[in-house]
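First comes the structure, then the notes that go with it.
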Amino acid sequence: MTKRSYKACDETGREYEFDCLQKDGSLFLTLKKEAFKGAKKLWVLKELSAAKAGQSGYYIIPRSIDMMGDMQIMFTDRADEAGLCRAPIMSFYVLKKEDYCALIRIERNYKYQFDIMVKDGVYTVAPLFDFEDVKKDPVYDDIRLEIIELPLASELGDFAKAERDIRLARGEIVTLREKCASPAVEYARKYPLIRIRMGWKPSPSPVFHQTVENEPDMFVACSFERVCDIADELRRQGVEGAELQLVGWNQSGHDGRFPQLFPADSRLGGNDGLKKAIAHVKSLGYRISLHTNLIDEYEIADTFTWDDICVNKEGSYLQKGHYSGGYAYHVCLKKQLRNNRRDLPAVAKLGLNGIHFTDVISIVEPDTCYAEGHICYTKEAVEAVQIIIRESRELMGAFSSEGTMDFALKDLDYGLYVSFGDGFGQKYIPFSERLIPFFELTYHGIILYNPISPTVNAPLKGVRDRLIYLLRGGKPTFYFYSKFRTGTQKNWMGEIDLTAETHEKLCESVACIAREAKEYLPRADRQFIFMKNYEILDNGIEIATYEDGGRIAGNFSEIDAEYDGFTIPAGEAIFL
């Protein structure tokens, strides 16, 4: 048996040996904080990953939120190159080499990135901890990893199953079937989500620091009365089930005055209009929910206080984003937890019966805060996110958010998209030639999701987005007025939209929803089933295989292609 060393290395070249503990089939590695207290940067297990170009095998590196999928990096001959994968959505990576095969799990008590490199024909990958970054943690805790060695013949599905099984056994996640004990989640599994953006101010706003006196006007796209019209048309067209989720219903619309919510904006119909819309949608047998936001705080909010805002290592407030409410300041997770306990009960009293949505919280790494009085490093911030999600689910019956970071998954029922994909435009990302849906392979059957932001309104989109939605096991997700950004700003869910500005447009939009709802319902039970494998063939065919033996094969090429005795037309998918 090969004796291996497990080391970290800092920016000076100094090496640090991990303490090792073999237990229950895993090797647990610990690097004591006292050992690397003076390090500015730390690369972990780089030597363990080394593989020569031309050898068989690969790395699997989880995606960041601006990627289409997770990286499967083959050891091909290539010129020297280096790249960083920041803020990965899953806290593990895979080494599959000719002589070593392992799943390596990283405790998310620090922020880290993957440093990927090929130099002189040798590939390496290492988790990189940067203690100089003013937005990240100081050295305050040990670094802890877990290595699970797998047979050399292991493939994608084996690694995904290993991670899923560990998390299920330890209670870090639960199955979708268990989550469906909530009536709202069981309903969501079977029927489409319809988000309706009702009102918004210019985004980004020309007024950075807004007050009641200088606040820009809000554009009204859909009143509460119009929401009732949409629900009526859904019923008229025979849509069996749907959840309507209202976005921008609150004071000054979407991103208008968060975290302030009430009163519901009078230009949309006010509190009375909101209550009538909720009652009407429910009377038709549908479900309804609302969109809220804890992370962004705008100066115009009647709840605004600088004491809420994250402070970085240099003492500056964390201003991040520029939306309808002007400059958005990020709220410390400790304060988000307090604000959620303060504000969400008023939302619960409205009698909503859908899956509550809190924006952003599950798609980003939680911010580090150095503010005197509420210091919050990553470990405590992650725990605060988990408490917010759990308490929100307990209060509202079900919970959803924008993304699917793996630390959020236990009590998260639905993610609006796993990642943005190329929703903000295409860019070169080193080592991203082969992107695979490894998140979906790992977590299908654990959570409902829409794969990437461009697959919102997928039935209206092009071939690629429709096939991604189908092959990756997405839940049908529709959006009235997904486009809202001003000028040249990118609409990350695409330019093809559902609208309701006329009766004809409303009916056309509902007809699209009705068609997909009818097509999706017979395969809704598949949401319970884990994926077993995902293949990408040279002829443009991709195949998702489930543990019950079911398969979906899609043709991403521009010509007809053969698979398993079937001819699949270009741009089409078949269920086997």
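Residue numbers (our numbering): 1 to 576. Glycine included, each C-beta is placed from N, C-alpha and C at the ideal position. Note that the structure is a prediction, hence the values are computed from the model and not measured.
Residue from the options whose Cα sits closest to the Cα of residue i
i: Gln-319; options: Gly-425, Asn-340, Asp-296; result: Asp-296
i: Met-90; options: Thr-442, Asp-343, Arg-526; result: Thr-442
i: Glu-243; options: Pro-454, Glu-572, Ala-570, Leu-352; result: Leu-352
i: Asp-133; options: Phe-438, Lys-40, Glu-146, Tyr-187; result: Lys-40
i: Thr-303; options: Gln-336, Ala-277, Leu-284; result: Gln-336
i: Asp-307; options: Ser-203, Leu-333, Glu-383; result: Leu-333
i: Ala-301; options: Phe-36, Thr-368, Leu-84, Glu-215; result: Glu-215
i: Val-382; options: Glu-372, Gly-373, Ile-361; result: Ile-361
i: Arg-472; options: Glu-314, Tyr-100, Ile-529; result: Ile-529
i: Phe-208; options: Glu-299, Lys-37, Pro-522, Ala-181; result: Glu-299
i: Asp-465; options: Lys-37, Pro-127, Ser-557, Thr-12; result: Ser-557
i: Ala-188; options: Glu-11, Leu-84, Ala-51, Ala-517; result: Ala-517
i: Gly-83; options: Pro-127, Lys-52, Met-68; result: Pro-127
i: Thr-30; options: Asp-19, Ile-388, Thr-499; result: Asp-19
i: Glu-380; options: Ala-169, Asp-77, Tyr-110, Ile-568; result: Tyr-110
i: Tyr-93; options: Glu-372, Asp-265, Ser-419, Phe-159; result: Phe-159
i: Ala-348; options: Arg-393, Tyr-317, Arg-78; result: Arg-393
i: Leu-45; options: Ser-56, Gly-69, Glu-15; result: Glu-15
i: Gly-445; options: Gly-285, Leu-246, Glu-186; result: Glu-186
Three-way DSSP call (helix, strand, coil) for residue i in this model
i: Asp-232; result: helix
i: Ile-389; result: helix
i: Asn-293; result: strand
i: Asp-10; result: strand
i: Lys-161; result: helix
i: Thr-567; result: strand
i: Glu-562; result: strand
i: Ile-173; result: coil
i: His-322; result: strand
i: Lys-52; result: strand
i: Leu-506; result: helix
i: Lys-483; result: coil
i: Arg-63; result: coil
i: Cys-332; result: coil
i: Asp-142; result: coil
i: Glu-542; result: strand
i: Gln-245; result: strand
i: Ile-536; result: strand
i: Asn-271; result: helix
i: Gln-22; result: strand
i: Arg-197; result: strand
i: Leu-152; result: coil
i: Met-493; result: coil
Test item: CB-CB of residue i and residue j under 8 Å
i: Ser-154; j: Lys-97; result: no
i: Val-125; j: Phe-131; result: no
i: Gly-256; j: Glu-225; result: no
i: Ile-375; j: Ser-401; result: no
i: Ile-452; j: Tyr-414; result: no
i: Ala-408; j: Ile-355; result: no
i: Gln-210; j: Gly-121; result: no
i: Met-531; j: Tyr-520; result: no
i: Asp-137; j: Pro-259; result: no
i: Cys-507; j: Glu-240; result: no
i: Glu-34; j: Lys-7; result: no
i: Glu-330; j: Asp-367; result: Contrary to the premise, residue 330 reads as His rather than Glu in this sequence. In contact: His-330 and Asp-367 (Cβ atoms closer than 8 Å).
i: Ile-148; j: Ala-162; result: yes
i: His-291; j: Cys-228; result: no
i: Leu-156; j: Tyr-563; result: no
i: Ile-106; j: Tyr-112; result: yes
i: Ile-574; j: Ala-553; result: yes
i: Asp-80; j: Lys-52; result: no
i: Phe-262; j: Ala-346; result: yes
For residue j and residue i, the rounded distance between their alpha carbons
i: Gly-462; j: Glu-391; result: 39 Å
i: Cys-512; j: Leu-460; result: 8 Å
i: Arg-144; j: Ala-458; result: 40 Å
i: Met-1; j: Glu-172; result: Any reading at Met-1 must be qualified, since the residue scores a pLDDT of 49, below 50, and its modelled position is unreliable; the value itself is stated next. Between Met-1 and Glu-172, the C-alpha separation is close to 32 Å.
i: Asp-577; j: Arg-4; result: The structure shown does not extend to residue 577, since the chain is modelled only from 1 to 576, so the question has no answer here.
i: Arg-63; j: Met-71; result: 7 Å
i: Gly-549; j: Glu-365; result: 36 Å
i: Asn-450; j: Asp-142; result: 35 Å
i: Asn-340; j: Thr-305; result: 15 Å
i: Ile-541; j: Trp-43; result: 38 Å
i: Ala-221; j: Arg-167; result: 43 Å
i: Ile-436; j: Gly-474; result: 15 Å
i: Ala-231; j: Leu-395; result: 25 Å
i: Gly-13; j: Ser-49; result: 17 Å
i: Gly-570; j: Ile-309; result: Strictly speaking, residue 570 in this sequence is Ala, with Gly absent from that position. Rounded to the nearest angstrom, the two C-alpha atoms are 51 Å apart.
i: Phe-566; j: Lys-276; result: 52 Å
Residues bridged to residue i [DSSP beta-bridge criterion]
i: Arg-105; result: Phe-92, Glu-146
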